[in-house]
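Take a look at the structure below.
Residue numbers (our numbering): 107 to 616.
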């Protein structure tokens, strides 16, 4: 029972419990003590004067073994082993008084552990006894004091025998699990606080103990779910130790509710995910702005500047040579201006297609696929069997996924055919709110090794990571499958709320 050298020297599980012990140390008629796991007294109560005939200062810093009768050392060493194994022990030995007399004593000791389950010290109390066989009155007093400690503990205390029958149950256990002491004493623990999925393992463990095996949960902290009387489960931390004597063989456990800790851990995970998504969103927006700035600078701005020069030249010719001579130059400048207007409209469609807001996802996807086929020569039919309009944010996510997927096909796939399909996972349902839409984009291109996914961040598109993040924000799932020479397939599933059917739309037609 050696302490962890990295553990703090003091790490109490509960401030109130520590205060109760301090009061006990100050006011108890017994010699209350704290000692290291190695046996050195760290603190003793003033009752040491009555028991040992010397003040506290002469006891603190000495070893317990220094006070024990040589003939009782074997009993003391056996008790120390029991303390290390079970976490609690009662032992009768003779202690040396300052007047060199020997006095029979009974000591009750227990191990104090830190939050990681590491022993950090031993606490207990020692009182004068009648001899090796303690009288009933002394035993009753010890039991009452132990009962008081157990009942005032903040953690739930449960004791069961080797058959799993409840022998003890403190007030904190009543508060935590909703069962009173009277209701559970004599009942199998498996019938009360053990969730059904753990019951077989619990019973198997008891059988293993009865057959001479060792329990697997002793002397360590375990996080597990327990069952409240009303049927709800709660996360708990469990510390179990074994108690063995001539009179009884049982298992004791302190059980702590860790609901607040688990909620804090979950909140931390959610906050981390939220920050990650926020960072990804900011990064994507910055990439979009960078792309838009580059697109405007390298495209429309340069070409519109050239158009401006064309009009200036036409004006100079007009002033110098007259209308007829300048007519061709004005016509040429006007034609180039028209081309730039069409280019800006195309750019506007890339940024936010008007059809998506005005006519819905079906029309916008068909327009997108038609433009893709026209520009890249890749056949791309669109099949849509969703009969209702989706929420605007869902339509935007699905449109962006298709837009990015087709851009990746154009850049990387070398495909001849592609296909876009949008379907309802429950096509026969009259309640769109109960369904999930399934979008697939597939191609017959060269494919790639998904274990070495390229970033696909080029030409203003934000690749697989961007698509996955968009879908995740919409509470959906994103699956990409591909292999070399076998094309690529993207599947997106997003749960949808009740949509609205747009009058006159025929989105259900392929």
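Note that CB positions come from ideal geometry on N, CA and C, so glycine has one too.
Source: prediction; values computed, not measured.
Would you identify the three-state DSSP class for residue i, choosing helix, strand or coil?
| i | result |
| --- | --- |
| residue 514 | helix |
| residue 169 | strand |
| residue 405 | helix |
| residue 323 | coil |
| residue 592 | coil |
| residue 162 | helix |
| residue 257 | helix |
| residue 421 | helix |
| residue 572 | helix |
| residue 296 | helix |
| residue 154 | helix |
| residue 496 | coil |
| residue 203 | coil |
| residue 436 | helix |
| residue 554 | coil |
| residue 602 | coil |
| residue 335 | coil |
Terminal residues of the continuous alpha helix (DSSP H) containing residue i?
| i | result |
| --- | --- |
| residue 288 | 287–290 |
| residue 281 | 277–283 |
| residue 391 | 365–402 |
| residue 467 | 467–482 |
| residue 461 | 460–464 |
| residue 350 | Element bounds for residue 350: not the alpha helix (DSSP H) but the beta strand (DSSP E), 339–350. |
| residue 188 | 179–192 |
Mind checking which residues open and close the beta strand (DSSP E) that includes residue i?
| i | result |
| --- | --- |
| residue 311 | Here residue 311 belongs to no beta strand (DSSP E); instead the alpha helix (DSSP H) covers 302–316. |
| residue 528 | 524–530 |
| residue 229 | 225–234 |
| residue 212 | 208–219 |
| residue 263 | 262–267 |
| residue 548 | 542–549 |
| residue 488 | 488–490 |
| residue 140 | 137–141 |
To which residues of the same chain is residue i closer than 6 Å at the C-beta, ignoring the five residues directly before and after it?
| i | result |
| --- | --- |
| residue 596 | 511, 547, 586 |
| residue 501 | 467 |
| residue 123 | 260 |
| residue 486 | 475, 478, 479, 524 |
| residue 149 | 140 |
| residue 121 | none |
| residue 484 | 521, 524 |
| residue 375 | none |
| residue 527 | 489, 546 |
Give me, in chain order, the residues of the same chain whose beta-carbon lies closer than 8 Å to that of residue i; leave out the 5 immediate sequence neighbours on both sides.
| i | result |
| --- | --- |
| residue 270 | 294, 295, 296, 308, 309, 312 |
| residue 445 | 409 |
| residue 336 | 284 |
| residue 128 | none |
Just checking my contact of residue i with residue j at CB under 8 Å: how many whole Å lie between their CB atoms?
| i | j | result |
| --- | --- | --- |
| residue 443 | residue 419 | Contact flag wrong, Cβ pair sits at about 14 Å. |
| residue 264 | residue 361 | 6 Å |
| residue 555 | residue 593 | At roughly 13 Å, the Cβ-Cβ gap does not stay under 8 Å, so residue 555 and residue 593 are not in contact. |
| residue 185 | residue 212 | At roughly 11 Å, the Cβ-Cβ gap does not stay under 8 Å, so residue 185 and residue 212 are not in contact. |
| residue 519 | residue 551 | 3 Å |
| residue 331 | residue 324 | About 20 Å separates the two Cβ atoms, so there is no contact after all. |
| residue 575 | residue 377 | That belief does not hold up - the Cβ atoms of residue 575 and residue 377 are roughly 17 Å apart, past 8 Å. |
| residue 497 | residue 598 | Not confirmed; about 15 Å, so no contact. |
| residue 333 | residue 300 | 6 Å |
| residue 165 | residue 182 | In fact, because the Cβ distance is near 16 Å, the residues do not count as touching under 8 Å. |
| residue 463 | residue 580 | Contact doesn't hold; Cβ gap of about 18 Å is too wide. |
Ordered along the chain, which non-local residues of its own chain (more than five positions away) have a Cβ less than 7 Å from that of residue i?
| i | result |
| --- | --- |
| residue 316 | 268 |
| residue 506 | 576 |
Would you say residue i lies against chain D (beta-carbon separation less than 8 Å)?
| i | result |
| --- | --- |
| residue 411 | Among the protein chains of the structure shown there is no chain D, as only one such chain exists. |
Take every Cβ of the segment 406–416, pair it with every Cβ of the segment 436–450, and state whether three or more of those distances are shorter than 8 Å. Touching, yes.
Touching or not, the segment 275–284 and the segment 250–260, by the rule of three or more beta carbon pairs under 8 Å? yes
Tell me, please, whether the segment 173–181 touches the segment 220–229 by the rule of three or more beta-carbon pairs shorter than 8 Å. no
Quick check: the segment 336–349 against the segment 192–201, are there 3 or more CB pairs under 8 Å? yes
Any contact of the segment 152–159 with the segment 123–139, i.e. 3+ C-beta pairs under 8 Å? Output reads yes: the segment 123–139 touches the segment 152–159.
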